[in-house]
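K.L.:
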Amino acid sequence: MKKIVAAIIILFCFFFSGNHILAPDNNSQKERLSPRDKFEYSADLQSVINDFAGQGKLENASIGISIYDLSSASFIAEYNPVVSLVPASVMKIITTAAALELLGKDTVFNTEIYYSGSINPQSKILTGDLIIRGGGDPCLGSQAFKNYYYQPDFLEKWAEAVKNAGIEHITGNIIADASVFDDENVPSNWNWVDIPAYYGTPAFGLSVYDNQFVLNFSPKRKGRYKVHPDSMNPVIPDLYVENRIRADTKEEKYLDFVGVYYSNQRIIKGNLSKISGTLELKGSIPDPPYLIGYQLRTKLQEKGISITGDVVTSRMYLAENKPLPAEKKLICTTNSPPLAEIVRRTNMFSINLYAEHLLNHIGYFKSGLGSTKAGVKSLLSYYESKGYDTKGVNICDGSGLSSNNTLTARFIVKVLAGMSGNKPVQVAFYQSLPVSGSSGTLRSFCNGTVAEGKIHAKSGTMSRVKCYAGYMEVKSGKTIAFAVMVNNFSTGSDTVNALLAQLMVNIYNNY
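Numbered per the numbering used here, the sequence shown spans residues 225 to 735.
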């Protein structure tokens, strides 16, 4: 009998101890709570998340959950809240929240046109250079912000301003100055397969057209060739592609660019069931600063303004140890949308490029250095200064594209709780988040359920990663902040997403 009792005690200790809790353990739940944090356990909610984590379909998964009642300022249910997990695009919450608080919701980023040297008013000759000074505007020329860049067209505006300055000939160069950010700015642990893709472009001090171009091509044309200008938008000067597409009905279909930034060489790799017709492929612009310089020169020439020199970039000057012109005079300025609008698009449609720019701006604001490394350091320092526990937090970029990023569910919820309220930056942040069943990347999430329209949150998805974090108005009328992170699952992503949608419905109904 004693052996049976001992066995029962051992089993009880096994099931109710450790990090993967199957029932509430207030001591383990409160692990690493700061003195300012409160924990008011909800038995119903804890049961809901325990049931979710205990499902057979998630038996191989790593799961982290934290739920926080904003009205009582207390954690109400958690599961592995301090385990480090990959957040994917939920990382954008961390970046955009800090950007709004540090930079201000009304901040704009300027792109400025200068000239160096002097203008002869009689001959209308500029003896000097024309300079495009980038200010780290992430959305210069973006079709998503037509009101800011196409009323009038920003290139037309620049060319007209140059002409109105009394310039008809330029003896020097068109200099695209992107030096506000580091030229070698790809996060060190990004997958190089992602970089030539439209979603994988790094932040440049002078970005344009969302750093994306579209190529229309015939998959039947093999080998390496120079792309005709009519086949791409915008036109990338001297772009060469090499077609390596295969036709194999047994393999999975895919179509990708292969290449590196600052190079005008691209390989098209893929597998198609049938090679025919014309295909469209979207990729990252290899050298955005050079492209905008090239386009301005073309626009100036259309207006009868000739240029003796070349299109060069600040990166080229740096490579040759040449200083950029120190003395220069302003011709005109183009402003970005306010930061609140940029943040809204960043979170609503999960724009990696914008998030990376904001990380660089955070670095520049805090340290005077616009780089990924400076941004990461400044971001961590900022949250540590607010008293947030960053143990287990590993930040590699601003967008979440790196699979080396790790956050904890509790850290995310602390950030969300700190961004709740009626201050202008808090309202701007809340309004930037997609709404369940309605907008952005949550358009189809919880559609047709009681949770439709009740969730304002950011999703995060990559291979074997599915996460949601944000706010939810629950059945009682209260609002909670939540983070649910699922990594390393062996079932399909769609299946996990359905389980997460049901979890949100159950949370709604049980609090």
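Ideal Cβ placement from N, Cα and C applies to all residues, glycine included.
Since we're looking at a predicted model, the values are computed, not measured.
Buried or exposed for Leu577, please, with buried defined as at least 16 other CB atoms from any protein chain shown within 10 angstroms of its CB.
P.N.:
buried
K.L.:
Which same chain residues, not among the five before or five after Ile636, have their C-beta less than 6 Å away from its C-beta?
P.N.:
Ala693, Ala707
K.L.:
Ends of the beta strand (DSSP E) at Lys316?
P.N.:
Unbroken run through Lys316 is the alpha helix (DSSP H), 315-327; no beta strand (DSSP E).
K.L.:
If you drop the 5 nearest sequence neighbours on each side, which residues of the same chain put their C-beta closer than 7 Å to that of Asn734?
P.N.:
Excluding sequence neighbours, Asn734 sits near Asp268, Leu269, Val272.
K.L.:
Give me whichever residues DSSP pairs with Val535 in a beta bridge.
P.N.:
Ile398, per the DSSP bridge assignment.
K.L.:
Less than 8 Å separating the beta-carbons of Glu622 and Glu580?
P.N.:
Here residue 622 turns out to be Gly, not Glu, going by the sequence shown. In this structure, Glu580 lies closer than 8 Å to Gly622 by Cβ.
K.L.:
For a minimum of 3 consecutive residues, which ranges assigned as the beta strand (DSSP E) are wholly contained in the stretch 586-616?
P.N.:
none
K.L.:
What's the gap between the Cα of Tyr514 and the Cα of Val307?
P.N.:
44 Å
K.L.:
With distances taken from CA atoms, which of Gly684, Val698, Thr665, Ser295 is nearest Lys678?
P.N.:
Val698
K.L.:
Tell me whether the beta-carbon of Asp401 lies closer than 8 Å to the beta-carbon of Ile355.
P.N.:
yes
K.L.:
Taking one C-beta from the stretch 342-352 and one from the stretch 384-392 each time, how about it: are there three or more such pairs within less than 8 Å?
P.N.:
By the Cβ criterion, the stretch 342-352 is in contact with the stretch 384-392, since at least three pairs of Cβ atoms, one from each stretch, lie closer than 8 Å.
K.L.:
Let me check understanding here. Comparing Cα to Cα, which of Gly288, Phe276, Asp330, Tyr732 lies closest to Ser560?
P.N.:
Asp330
K.L.:
Does the beta-carbon of Ala598 have 16 or more other beta-carbons within 10 angstroms, so that it is buried, or is it exposed?
P.N.:
buried
K.L.:
Kindly list the residues whose CB is nearer than 6 Å to the CB of Asn671, restricted to its own chain and excluding five residues on each side of it in sequence; keep chain order.
P.N.:
Gly661
K.L.:
Please work out which residues of its chain come closer than 8 Å, Cβ to Cβ, to Thr557, disregarding the five sequence neighbours upstream and downstream, and give them in chain order.
P.N.:
Asn334, Thr335, Glu336, Ile337
K.L.:
When the distance is taken between beta carbons, is Lys682 closer than 8 Å to Val710?
P.N.:
no
K.L.:
So, helix, strand or coil for Asn712, using DSSP?
P.N.:
coil
K.L.:
Can you tell which of Ser714, Ala725, Val729 has the C-alpha that lies nearest to the C-alpha of Gly280?
P.N.:
That would be Ser714, whose Cα lies nearest to the Cα of Gly280.
K.L.:
Take every Cβ of the stretch 525-540, pair it with every Cβ of the stretch 500-510, and state whether three or more of those distances are shorter than 8 Å.
P.N.:
no
K.L.:
Can you tell which of Ser412, Ser538, Gln489 has its C-alpha closest to the C-alpha of Lys546?
P.N.:
Ser538
K.L.:
What is the DSSP secondary structure of Ala385, counted as helix, strand or coil?
P.N.:
helix
K.L.:
Near Ser737, which residues of its chain fall below 7 Å by C-beta distance, leaving aside the five closest residues on each side in sequence?
P.N.:
With the chain covering only 225 through 735, there is no way to say anything about residue 737.
K.L.:
To which residues of the same chain is Ile469 closer than 8 Å at the C-beta, ignoring the five residues directly before and after it?
P.N.:
Pro443, Leu479, Ile492, Lys493, Gly494, Asn495, Leu496, Ile499
K.L.:
By alpha-carbon positions, which one of Lys477, Lys506, Glu475, Glu608 ends up nearest to Arg490?
P.N.:
Lys506
K.L.:
Provide the residue span of the alpha helix (DSSP H) that contains Gln489, from first to last.
P.N.:
Taken as a continuous stretch (DSSP letters only), Gln489 belongs to no alpha helix (DSSP H), being part of the beta strand (DSSP E) at 489-496.
K.L.:
Among Leu282, Tyr423, Pro305, Gly278, which one has its Cα closest to the Cα of Asp737?
P.N.:
It is not possible to answer for residue 737, since the shown part of the chain is limited to 225 through 735.
K.L.:
Can you give me the C-alpha to C-alpha distance between Gly365 and Val438, rounded to a whole angstrom?
P.N.:
15 Å
K.L.:
Can you tell me which of Ile287, Ser266, Lys553, Leu723 puts its alpha carbon nearest to the alpha carbon of Asp293?
P.N.:
Ser266
K.L.:
Do Ala323 and His585 have their C-beta atoms within less than 8 Å of each other?
P.N.:
yes
K.L.:
Quick one, are the C-beta atoms of Leu548 and Ile399 less than 8 Å apart?
P.N.:
yes
K.L.:
My understanding is that Val744 touches Pro562, with C-beta atoms under 8 Å, so please give their C-beta distance in whole angstroms.
P.N.:
Past the edges of the chain, shown from 225 to 735, lies residue 744, and the structure says nothing about it.
K.L.:
Taking all protein chains shown into account, do 16 or more other C-beta atoms lie within 10 angstroms of the C-beta of Trp416, making it buried, or fewer, making it exposed?
P.N.:
Its Cβ having fewer than 16 others within 10 Å, Trp416 is exposed.
K.L.:
Compare the beta carbon distance of Ala641 and Ala705 with 8 Å and say whether it is the shorter of the two.
P.N.:
With a cutoff of 8 Å on beta-carbon distance, Ala641 and Ala705 are scored as near each other.
K.L.:
Measuring CA to CA, which of Tyr607, Ile460, Leu657, Cys620 is closest to Pro411?
P.N.:
Cys620
K.L.:
Thinking C-beta only, is Glu676 closer than 8 Å to Ser340?
P.N.:
Cβ distance not < 8 Å, so Ser340 and Glu676 don't count as in contact.
K.L.:
Do you know offhand how far Lys638's Cα is from Trp382's?
P.N.:
45 Å
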